[in-house]
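Working notes, beginning with the structure itself.
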Amino acid sequence: RFQACVYFASVFQAMSCGIHYLASVFMAVTPNFVCGFPGNVSSVLLHNSSASSIEDIWTLWTSTENYIVVQLENGEIWELDQCSRSKREVSLDLTYEYKGNKSVFPCSDGFLYDDTKWKSTVVTQWDLVCDREWLAKLIQPMFMLGVLIGAVIFGDIADRLGRQRVIWFTSAGQFVFGIAVAFTFDYYSFVIVRFLLAMVSSGYLVVAFVYVTEFVGIKARTWASMHVHAFFAMGIMVVALVGFLVRTWWVYQIFLSIATLPFVLCCWMLPETPFWLLSEERYEDAQKVIDTMARWNKVSTPCKVSELCSVQQDDLASVRTGDDDTSSTKKHNILDLFCNWQIARRTITVWLIWFTGSLGYYVFSLSSVNLGGNEYLNLFLIGAVELPCYIIACVAMDKLGRRNTLIPFLILSALICVLIMFIPQDFNILIILANMAGKFSIGVAFGLIYLYTAELYPTIVRSLAVGSGSMMCRVGSVVAPFCVYLRSVWIFMPLVVTVYFFQLLVGIMALLSGILTIMLPETLGKPLTNTLVEATEMGRNKKSCSEKTPPAHSGAALEKIEMFGQERVSTDK
Numbered sequence: 116r117f118q119a120c121v122y123f124a125s126v127f128q129a130m131s132c133g134i135h136y137l138a139s140v141f142m143a144v145t146p147n148f149v150c151g152f153p154g155n156v157s158s159v160l161l162h163n164s165s166a167s168s169i170e171d172i173w174t175l176w177t178s179t180e181n182y183i184v185v186q187l188e189n190g191e192i193w194e195l196d197q198c199s200r201s202k203r204e205v206s207l208d209l210t211y212e213y214k215g216n217k218s219v220f221p222c223s224d225g226f227l228y229d230d231t232k233w234k235s236t237v238v239t240q241w242d243l244v245c246d247r248e249w250l251a252k253l254i255q256p257m258f259m260l261g262v263l264i265g266a267v268i269f270g271d272i273a274d275r276l277g278r279q280r281v282i283w284f285t286s287a288g289q290f291v292f293g294i295a296v297a298f299t300f301d302y303y304s305f306v307i308v309r310f311l312l313a314m315v316s317s318g319y320l321v322v323a324f325v326y327v328t329e330f331v332g333i334k335a336r337t338w339a340s341m342h343v344h345a346f347f348a349m350g351i352m353v354v355a356l357v358g359f360l361v362r363t364w365w366v367y368q369i370f371l372s373i374a375t376l377p378f379v380l381c382c383w384m385l386p387e388t389p390f391w392l393l394s395e396e397r398y399e400d401a402q403k404v405i406d407t408m409a410r411w412n413k414v415s416t417p418c419k420v421s422e423l424c425s426v427q428q429d430d431l432a433s434v435r436t437g438d439d440d441t442s443s444t445k446k447h448n449i450l451d452l453f454c455n456w457q458i459a460r461r462t463i464t465v466w467l468i469w470f471t472g473s474l475g476y477y478v479f480s481l482s483s484v485n486l487g488g489n490e491y492l493n494l495f496l497i498g499a500v501e502l503p504c505y506i507i508a509c510v511a512m513d514k515l516g517r518r519n520t521l522i523p524f525l526i527l528s529a530l531i532c533v534l535i536m537f538i539p540q541d542f543n544i545l546i547i548l549a550n551m552a553g554k555f556s557i558g559v560a561f562g563l564i565y566l567y568t569a570e571l572y573p574t575i576v577r578s579l580a581v582g583s584g585s586m587m588c589r590v591g592s593v594v595a596p597f598c599v600y601l602r603s604v605w606i607f608m609p610l611v612v613t614v615y616f617f618q619l620l621v622g623i624m625a626l627l628s629g630i631l632t633i634m635l636p637e638t639l640g641k642p643l644t645n646t647l648v649e650a651t652e653m654g655r656n657k658k659s660c661s662e663k664t665p666p667a668h669s670g671a672a673l674e675k676i677e678m679f680g681q682e683r684v685s686t687d688k
């Protein structure tokens with residue numbers, strides 16, 4: 116009961132992370148637009164269709180190469196393009212085609228936007244079009260840059276100050292910065308506040324994975340960790356629903372941010388994990404948390420930290436004086452992820468998998484624009500298609516193991532990338548199906564690596580390991596939006612780069628990651644390690660590290676704590 120309440124309270128907030136990650140899909144959309152004109156319009160002409168106002172002509176707009184002819188009340192006739200306007204020297208008849216002299220003027224009177232779908236976006240709010248278009252393209256990369264930095268910063272802070280404090284701060288930060296985005300007064304303040312929002316959202320997501328992993332037992336760890344992704348995907352579906360119902364960007368942002376409020380009001384009740392408290396030698400605080408777990412789970416048999424962990428002064432001394440490990444009281448940093456060859460090789464492989472998973476996810480997502488149809492439904496389905504992906508991943512991880520599930524799906528992603536390159540461009544349906552299959556396979560690997568990373572590293576650097584891995588994956592997500600921007604720079608770029616080059620790059624990296632994963636240890640059914648010695652020994656043999664080294668004994672005993680209140684109840688009965 117206790118673990119269930121903590122778990123669902125924590126993962127509920129992961130839904131708001133998915134919301135903020137994808138919010139710009141509709142918030143920063145660029146509608147159809149043309150140059151503004153000086154004066155009042157009397158008639159509008161687009162090809163052979165005429166209307167009395169600009170608003171009536173947008174339904175006929177089919178291409179950015181179109182232009183609109185307007186006649187003002189003073190008799191002047193103007194041709195309105197997207198980034199310029201021309202005044203006809205001879206304005207006798209209102210016709211679409213004109214061969215006479217024209218005077219070209221800049222868009223000094225602003226722009227006219229199509230508001231049939233969106234009443235207001237950040238693009239229309241601050242005229243992020245034409246020579247300011249690059250500012251609009253920079254919105255999502257800057258957000259992902261904040262995600263990258265936040266993953267490392269808060270992952271390190273969580274290992275130093277505890278998971279509980281980071282969860283409190285990042286939860287409150289998501290609500291405060293989320294609401295603040297809606298009230299920004301210009302583009303630059305908008306980007307800065309969104310950058311801070313990205314940092315706290317990323318920080319929460321990274322620490323939440325570690326938090327729930329350290330609270331649930333071995334039997335539930337796979338499903339509990341993987342379904343954090345499911346709540347993230349539900350956040351994507353919420354974005355699609357709110358985007359369909361609310362068409363003004365700042366109101367849309369407020370509604371999305373309100374989803375954070377229930378958790379902010381109760382997150383202060385979440386306890387610190389016994390794993391982190393014991394790694395910091397705060398045994399009394401750990402005992403209080405375990406006693407609370409016992410009361411919630413109605414366990415009558417007393418549970419003592421000293422009995423579970425066999426904490427003896429001589430054991431602590433041997434750990435402190437070990438050659439390959441460090442004291443639990445030492446402050447750790449990213450260099451500890453390379454403390455010896457075993458851990459360094461593991462870190463490089465894990466980072467490569469993180470980067471490949473992110474790059475592959477966004478490359479396949481870029482190809483999904485060929486789906487067409489209703490954009491709100493498409494985004495909803497993009498989130499929904501991830502749910503069965505995680506279910507299959509959970510079943511495979513519990514039956515085959517983490518490593519044996521990760522390897523085939525990485526290799527399958529590589530094969531699909533190669534297959535897409537040989538599908539003729541005319542076979543749109545086949546290309547879409549192949550891209551969805553690729554996204555599904557890379558999604559399994561991408562979802563699995565969160566839990567696998569948390570299990571591969573000890574408590575003292577676990578948040579730092581997950582945070583640094585998340586940083587590597589965000590490098591791919593920062594690059595992806597720029598690939599979209601290249602579409603408007605060079606028409607052949609999507610074909611040569613986005614489809615072929617990046618598909619081949621993802622395929623090669625996925626294949627390389629799959630091969631390197633063979634050297635990683637299997638963690639299915641094994642207790643979480645608590646020291647770097649234990650983590651190193653886990654990579655040297657197939658047996659549990661608790662059977663090999665004295666320090667690992669405490670790590671195995673710590674695993675009993677996370678199972679306490681679940682298996683202990685059945686034993687008492």
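Just so we're aligned: the sequence shown equals residues 116 to 688 in our numbering.
Heads up, the beta-carbon is just placed ideally off N, CA and C, and yes, glycines get one too.
Model, not experiment: these values are computed from the prediction.
Determine the burial state of residue i: buried for a count of at least 16 other Cβ atoms within 10 Å of its Cβ, exposed for fewer.
i	result
N645	buried
F607	Confidence in F607 is poor, its pLDDT being 43 and thus under 50, which makes the residue's placement unreliable; the coordinate value appears in the next sentence. Flag for F607 reads exposed.
W383	exposed
E652	buried
T231	exposed
A339	buried
F542	exposed
F479	buried
A129	buried
D692	Coverage of the chain is limited to positions 116 through 688, which leaves residue 692 absent and any answer about it impossible.
V205	exposed
M536	exposed
P573	buried
Residue j and residue i - do their beta-carbons sit closer together than 8 Å?
i	j	result
G582	V267	yes
A297	Q240	no
Y228	V184	no
V281	G318	yes
A345	L137	no
V325	A273	yes
L161	N181	yes
G629	A552	no
R362	L635	no
A124	C381	yes
Is residue i near the ligand FAD, with its Cβ less than 7 Å from a heavy atom?
i	result
Q197	The model on display carries no ligand, and the ligand FAD is accordingly not part of it.
DSSP three-state label for residue i, please.
i	result
F117	helix
K202	strand
F542	coil
V238	helix
K217	strand
T363	strand
L253	coil
V281	helix
Q368	helix
I554	It should be noted that the sequence gives Lys, not Ile, for residue 554. In the structure shown, K554 sits in a helix (DSSP, three-state: H, G or I).
V420	helix
S131	helix
T520	helix
L502	helix
V434	At V434, the pLDDT of 46 sits below 50, so the modelled position is not reliable; the number obtained from the coordinates is stated separately. Residue state, collapsed to three classes: helix.
V414	coil
I633	coil
I172	coil
L209	coil
A580	helix
So who's on the other strand from residue i, going by DSSP bridges?
i	result
Y228	F148
Q186	S158 and I192
I166	Ile is not the amino acid found at residue 166; the sequence shown has Ala there. The partner list for A166 (beta bridge, DSSP) reads V159.
Tell me which residues share the same chain as residue i and place their Cβ nearer than 7 Å to its Cβ, disregarding the 5 neighbours each side in the sequence.
i	result
I134	G350, V353, V354, L371 and A374
D513	T337
P389	A401, V404, I405 and I676
A287	V379
G151	C222, D224, G225, F226 and L227
Under 8 Å Cβ to Cβ from residue i, same chain only, skipping five residues before and after it: list those, please.
i	result
E637	G516, R517, R518, N519 and K657
Report all residues from its chain with a CB closer than 6 Å to the CB of residue i; omit the five preceding and five following residues, and keep chain order.
i	result
F117	M408, W411, N412 and G680
S585	A266 and V321
G261	F310, A313 and M314
L175	L161 and S164
F524	S556, V559 and A560
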